[in-house]
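Chains as they are written, first to last, in this note's numbering: chain A, 1 to 112; chain B, 113 to 224.
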DNA sequence: TGTATTGCTACTATAATAGTAGCACAATAA
DNA sequence: TTATTGTGCTACTATTATAGTAGCAATACA
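Shown next as structure tokens:
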């Protein structure tokens with residue numbers, strides 16, 4: 001790695017040591033941060049307040065949730081609305097690719 | 113949380129403080145561990161050795177990679193083959209739901 | 001003028017990961 | 001037989017991320 005920290009994905013730069021810089025790895029890096037997927041998922045059906053999200057994201061501490069929300073807003077997946085946080089149009093596009101995981105998880109998780 | 117650590121998802125128990133226990137959250141918890149998505153992705157086209165995976169997963173340290181592989185094997189997404197690690201049938205089923213993210217990332221990431 | 005709710009920030013403790021070294025084993029070469 | 005090389009790890013320390021808790025400023029409402 002040529003850089004020290006990587007708090008946020010930035011144009012053209014790889015993220016958190018993913019090195020390759022392949023788009024999918026950049027995306028994976030973002031999504032593999034704690035509660036990132038959960039936030040996107042919980043915003044998919046309706047806008048939610050900070051504390052609502054917190055409640056739905058299990059034990060997410062406010063500091064982490066806030067960090068995650070900042071990141072997701074910084075990359076334009078989430079935005080603020082009058083009634084709380086919301087998925088942006090881009091966020092919704094991403095969610096539509098995530099959605100199939102829901103059905104699959106419902107079938108698979110019980111088999112664990 | 114009523115339990116201390118949560119090294120592996122177990123039947124019927126929520127994971128890493130996801131509390132709700134919703135299948136999708138259990139899955140998200142698993143996938144949001146470092147390099148989990150990367151491993152699945154890199155195994156999708158061919159089997160790979162430990163060191164090959166390591167190289168493809170950026171700076172993944174062997175200890176973490178090994179932990180991740182153990183977890184993914186424990187839940188039956190990955191298995192060992194003669195020529196290294198491989199996606200199981202279940203793993204391939206999951207990957208097919210993940211795959212659309214690749215195309216999307218290629219369009220989206222450059223806009224960051 | 002309280003009182004409650006919300007969106008945070010700050011701080012400490014713990015868990016996860018990075019980074020590095022190195023060992024046991026198998027295959028290959030000399 | 002003895003190197004030599006490559007591979008799959010394990011062990012250990014340093015750093016980073018997250019959990020868990022407290023609390024404050026702002027707004028809404030009573």
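Note that CB positions come from ideal geometry on N, CA and C, so glycine has one too.
Everything numeric in this text was worked out from a predicted model, so none of it was measured.
CB contact check: residue i to chain B, cutoff 7 Å
i, result
"residue 62 of chain A", "no"
"residue 88 of chain A", "no"
"residue 91 of chain A", "no"
"residue 84 of chain A", "no"
"residue 43 of chain A", "no"
"residue 72 of chain A", "no"
"residue 26 of chain A", "yes"
"residue 53 of chain A", "no"
"residue 112 of chain A", "yes"
Min CB distance residue i to chain A below 7 Å
i, result
"residue 162 of chain B", "no"
"residue 207 of chain B", "no"
"residue 213 of chain B", "yes"
"residue 189 of chain B", "no"
"residue 217 of chain B", "yes"
"residue 221 of chain B", "yes"
"residue 97 of chain B", "No information on residue 97 of chain B is available, as it lies outside the stretch 113 to 224 that chain B covers here."
"residue 177 of chain B", "no"
"residue 142 of chain B", "no"
Coarse secondary structure for residue i, derived from DSSP in three states
i, result
"residue 203 of chain B", "helix"
"residue 126 of chain B", "Summary for residue 126 of chain B: the model assigns pLDDT 42, below 50, so the residue's position carries little reliability, and this model does not support an answer."
"residue 144 of chain B", "coil"
"residue 99 of chain A", "coil"
"residue 133 of chain B", "coil"
"residue 69 of chain A", "helix"
"residue 173 of chain B", "coil"
"residue 139 of chain B", "helix"
"residue 75 of chain A", "coil"
"residue 224 of chain B", "coil"
"residue 216 of chain B", "helix"
Which residues DSSP lists as bridging residue i, in chain order
i, result
"residue 196 of chain B", "B:193"
"residue 48 of chain A", "A:85"
Cβ-heavy atom distance, residue i to the ligand GTP, below 6 Å
i, result
"residue 55 of chain A", "Although the ligand GTP was asked about, the structure shown includes no ligands whatsoever."
- Item | At least three beta-carbon pairs within less than 8 Å, the region 30-40 of chain A to the region 68-85 of chain A | yes
- Counting pairs of Cβ atoms below 8 Å between the region 190-197 of chain B and the region 155-170 of chain B, do you hit three or more? yes
- Counting Cβ pairs, one atom from each stretch, are 3 or more of them under 8 Å apart for the region 59-69 of chain A and the region 165-183 of chain B? no
- So, do the region 215-222 of chain B and the region 163-179 of chain B have three or more beta carbon pairs nearer to each other than 8 Å? no
- Message: Any contact between the region 148-155 of chain B and the region 197-209 of chain B? By contact I mean 3 or more CB pairs, one from each, below 8 Å.
- Response: yes
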